[in-house]
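*Asks:* Structure in structure tokens, see below.
Numbering (our numbering), first residue to last: 16 to 172.
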């Protein structure tokens with residue numbers, strides 16, 4: 016440190032640089048302050064994008080088709096490892112999407128059966144209807160993802 020530079024000055028400068036680097040400018044990345052990340056409630060698919068997606072000025076139309084409604088069994092679901100998302104159909108015609116990353120230690124969930132999403136790493140189980148924890152060690156629900164259902168097509172928004 017040079018004369019006149021205090022430890023407090025160095026720490027304050029470092030903290031300011033860290034805060035600036037972590038802020039979400041116009042990069043389009045997820046932020047803890049975004050409505051999508053802040054909500055732990057599941058997003059129900061409909062024929063229109065969910066509110067968070069529709070309200071975002073930088074959000075474009077729905078992406079490429081993820082799957083077809085016929086591919087998602089009632090009471091079950093399908094895992095899309097590349098997109099790190101899982102789509103479920105808790106009741107006939109009701110589609111939900113969640114992160115496929117377990118909230119316990121980041122493993123990818125492995126199966127969806129009998130209304131439950133299972134993580135193979137440490138045995139965590141989640142409810143397919145809302146992503147909530149059915150059995151630990153995970154203590155937080157799976158993050159909800161926005162999807163759009165049009166006809167027989169399901170798109171990740």
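Just so it is clear, CB atoms sit at the ideal spot from N, CA and C, and this is done for glycine as well.
#1: By DSSP, does residue 45 sit in helix, in strand, or in coil?
#2: Closest to residue 122 by C-alpha separation, out of 152, 134 and 83, would be which residue?
#3: Return the residue from the list 132, 144, 165 and 107 that minimises the CA-CA distance to residue 115.
#4: Note the first and the last residue of the continuous beta strand (DSSP E) segment covering residue 83.
#5: Nearest to residue 88 by CA position, among 97, 78 and 110, is which residue?
#6: Can you find the residues in the same chain that come closer than 6 Å, C-beta to C-beta, to residue 80, ignoring five residues on each side of it along the sequence?
#7: Looking only at its chain, what residues have a beta carbon closer than 6 Å to the beta carbon of residue 71, apart from the 5 residues adjacent to it on each side?
#8: Mind checking residue 142: buried by the 16 CB within 10 Å criterion, or exposed?
#9: Alpha carbons only, please: which of 151, 124 and 150 is nearest the one belonging to residue 92?
#10: Quick check: the Cα distance between residue 140 and residue 148, rounded to an integer number of angstroms?
#11: Nearest by alpha-carbon distance to residue 157: which of 83, 100 and 128 is it?
#12: Please report the distance separating the alpha-carbon of residue 126 from that of residue 94.
#13: Around the Cβ of residue 96, are there at least 16 other Cβ atoms within 10 angstroms (buried) or fewer (exposed)?
#14: Restricting to Cα atoms, I'd like to know which of 120, 90, 98 and 118 is closest to residue 107.
#15: Considering Cα atoms alone, identify which of 166, 161 and 130 is closest to residue 150.
#16: What is the rounded straight-line gap between the Cα of residue 137 and the Cα of residue 159?
*Replies:* The short version:
#1: Unreliable placement is indicated for residue 45, whose pLDDT of 39 sits below 50; the coordinate value is still reported in the next sentence. Three-state result, residue 45: coil.
#2: 134
#3: 132
#4: 80-83
#5: 110
#6: 168 and 170
#7: With a pLDDT of only 32 at residue 71, under 50, the local geometry of the prediction cannot be trusted, and no value is derived from it.
#8: buried
#9: 124
#10: 6 Å
#11: 100
#12: Their backbone Cα atoms lie some 7 Å apart in a straight line.
#13: exposed
#14: Restricting attention to 120, 90, 98 and 118, the CA atom closest to the CA of residue 107 is found in 90.
#15: 130
#16: 21 Å
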